[in-house]
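Numbering (the numbering used here), first residue to last: 1 to 601.
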Ligand code: ADP
Ligand code: MG
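See the structure below:
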């Protein structure tokens with residue numbers, strides 16, 4: 001059949017390179033305006049533009065925190081304040097009596113921002129969003145108060161002069177180009193991160209945290225790197241800001257500024273670089289051309305945010321996203337190609353097994369699992385059935401490390417599997433899907449599947465940031481692998497489509513493709529056939545069977561008895577967290593209690 005292959009060429013070629021070009025045209029236009037602005041020789045415009053660049057340097061980093069990772073850091077102005085005072089105080093010789101070279105002082109400002117970026121960011125690893133937002137705000141207040149009180153260094157309420165940068169970035173157009181260059185650099189490195197496996201991992205943490213963990217993404221480590229970068233950029237922005245202001249006092253760093261940074265990103269669109277850059281520029285420039293409105297700026301920001309949230313929830317980035325406005329084909333068929341599996345999964349490993357022995361887990365008074373024995377062997381499909389609430393999903397959650405059982409043991413080839421670190425399961429090549437598909441709706445299907453292979457890359461965060469060869473290598477290989485996985489499950493033609501435009505049944509197959517990216521030794525599937533048509537269930541069954549034939553051990557939680565009996569090598573029937581029956585499909589079929597309870601005589 002050509003169904004599965006023919007739409008690939010039509011859907012992909014234009015969206016691929018044209019999509020990229022659409023994005024870069026906007027950047028080229030912005031860059032040209034920035035480069036040529038000095039030709040106007042209007043210092044008023046120059047100062048506005050410099051302010052926009054400086055704000056964007058901070059916002060570019062904050063964008064990774066807020067727009068990508070979804071962490072509500074509303075007090076990021078604190079990094080601007082810290083960077084500004086560090087740079088200004090060092091350059092003015094207010095610390096230790098030595099006047100630092102302004103460029104060195106600027107680097108120190110960036111370092112200060114980086115350190116405090118991590119310190120302020122740490123609570124995000126534990127606190128829920130709202131509380132984290134409050135801690136960042138509290139920190140911003142503390143920084144301002146310290147600036148007021150620590151008169152020796154900051155000049156207190158009187159303030160302190162900002163540094164004057166020397167040739168080639170001396171005040172005037174020299175300094176203008178300095179800000180422009182650093183803004184371009186901030187854009188480049190954050191865009192590199194954004195389009196790398198780290199950027200996709202951040203977005204996965206934001207929109208599908210459990211799926212991110214199941215894919216092996218370690219949230220704490222990644223967030224700390226991002227806070228470090230965002231803090232550093234904020235500190236550099238602060239150093240530049242102190243020079244632009246030529247004199248800084250604590251009241252130069254207002255809460256409104258923090259709101260501007262935050263809202264600039266939101267109206268730009270989460271998970272985009274171009275959108276927030278435009279958002280920040282608009283919010284910086286707008287009040288200048290509407291001088292009488294300045295007093296209303298907070299009100300206007302709030303109104304603008306409301307309008308954006310209500311009218312274009314995806315922000316400016318959504319308006320610029322042409323390719324996802326093309327209608328999708330109405331009657332789409334999912335035609336998996338299990339014959340491609342060997343290329344996706346690689347060579348067969350040694351036979352191995354996951355064993356659960358006497359596992360028990362209670363939620364308060366509810367005995368979700370109550371003494372369960374189970375063995376998943378490579379090369380076999382093990383069915384897990386039982387009525388709603390019998391503990392099937394909980395069993396999966398124990399195996400994938402989300403819950404620590406009260407008693408019992410969980411072993412992989414005789415060695416204990418650790419708990420409390422669900423992201424470590426990817427290292428054992430244990431993959432899973434979810435009863436309710438977990439996805440990043442705003443990302444493409446391809447990107448969603450690539451998230452599943454995050455741990456397969458070699459390049460470090462810094463290598464991605466600087467777009468070094470290993471980063472390119474990772475991206476190329478991940479993309480090839482993801483396209484293969486998508487072709488295997490029959491979704492290749494939808495690779496460039498936003499995931500939230502897919503039908504429910506397609507999402508189930510997309511999750512399988514994402515799980516395949518781990519080259520799993522074991523695969524845990526939680527009701528993958530729910531919501532599928534009879535024909536789709538049949539194809540799904542063939543795909544799952546083929547996965548097990550490649551050597552992967554599959555645990556299949558399902559309600560569809562036909563599917564279970566068709567493809568399982570072994571079946572365990574759960575009831576109230578206990579094993580009601582276990583054996584081959586034929587044995588289960590003839591088990592009296594099971595038949596009377598579930599299968600209907
Ligand atoms: P199944 O997947 O077989 O439908 P689950 O494993 O989801 O069942 O749930 C088993 C039992 O444990 C149910 O009674 C459910 O209400 C309870 N349960 C599951 N998860 C939690 C939780 N996080 N907190 C409290 N109770 C839970
Ligand atoms: Mg369930």
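The beta carbon of each residue, even a glycine, is placed where N, CA and C say it ideally should be.
Please read these numbers as outputs of a predicted model, since none were measured by experiment.
Cβ-heavy atom distance, residue i to the ligand ADP, below 7 Å
i	result
residue 575	no
residue 572	no
residue 231	no
residue 47	no
residue 388	yes
residue 285	no
residue 366	yes
residue 363	yes
Backbone CA spacing between residue i and residue j [nearest angstrom]
i	j	result
residue 228	residue 116	8 Å
residue 497	residue 447	10 Å
residue 425	residue 539	28 Å
residue 213	residue 433	12 Å
residue 431	residue 216	9 Å
residue 341	residue 542	12 Å
residue 88	residue 394	56 Å
residue 547	residue 410	23 Å
residue 108	residue 266	30 Å
residue 154	residue 24	42 Å
residue 125	residue 210	14 Å
residue 523	residue 429	8 Å
residue 263	residue 309	11 Å
residue 43	residue 468	38 Å
residue 581	residue 572	6 Å
residue 368	residue 380	26 Å
residue 366	residue 191	48 Å
Buried/exposed call for residue i, threshold 16 Cβ in 10 Å
i	result
residue 504	exposed
residue 457	buried
residue 56	buried
residue 390	buried
residue 295	exposed
residue 76	buried
residue 49	buried
residue 100	buried
residue 172	exposed
residue 527	buried
residue 307	exposed
residue 292	exposed
residue 256	exposed
residue 406	exposed
residue 575	buried
residue 157	exposed
residue 145	exposed
residue 151	exposed
residue 351	exposed
Cβ-based neighbour list, residue i, same chain, cut-off 6 Å, excluding 5 preceding and 5 following
i	result
residue 194	273
residue 489	336, 509, 512, 513
residue 178	169
residue 314	269
residue 318	269, 312
residue 552	520, 523
Same chain only: Cβ atoms within 7 Å of residue i, ignoring 5 sequence neighbours per side
i	result
residue 199	68, 193
residue 550	341, 342, 345, 348
residue 471	196, 459, 463, 464
residue 163	87, 88, 91, 102, 105, 242, 243
residue 376	353, 354, 382, 522, 553, 555
Any non-hydrogen atom of the ligand MG closer than 7 Å to residue i Cβ
i	result
residue 392	yes
residue 373	no
residue 295	no
residue 413	no
residue 562	no
Sequence-distant residues of its chain with Cβ nearer than 8 Å to residue i (five each side left out)
i	result
residue 444	495, 496, 497, 498, 499
residue 2	Only weak support is given to the placement of residue 2: the predicted model assigns it a pLDDT of 36, under 50, and the question is left unresolved by the model.
residue 261	55, 58, 59, 62, 76, 77, 280
residue 564	383, 385, 556, 558, 571, 585
Cβ of residue i within 8 Å of any chain D Cβ
i	result
residue 445	Of the protein chains in this structure there is only one, and it is not chain D.
Discussion item. Counting beta carbon pairs with one atom in the stretch 203-220 and one in the stretch 430-449, are three or more of them shorter than 8 Å?
Written reply: yes
Worksheet item: Quick check: the stretch 234-254 against the stretch 270-285, are there 3 or more CB pairs under 8 Å?
Response: no
Worksheet entry | Segment contact flag, the stretch 525-538 with the stretch 338-355, C-beta cutoff 8 Å, min 3 pairs | no
Discussion item. Does the structure place the stretch 452-472 close enough to the stretch 516-530 that three or more beta carbon pairs sit under 8 Å?
Written reply: yes
Discussion item. Can you confirm whether the stretch 462-481 touches the stretch 320-337 when touching is taken to mean that 3 or more C-beta pairs between the two stretches lie within less than 8 Å?
Written reply: no
Worksheet entry | Segment contact, 8 Å Cβ cut-off, at least three pairs: the stretch 564-574 with the stretch 584-597 | yes
Discussion item. When you compare the stretch 218-226 with the stretch 25-32, are there three or more beta-carbon pairs, one atom per stretch, that lie closer than 8 Å?
Written reply: no
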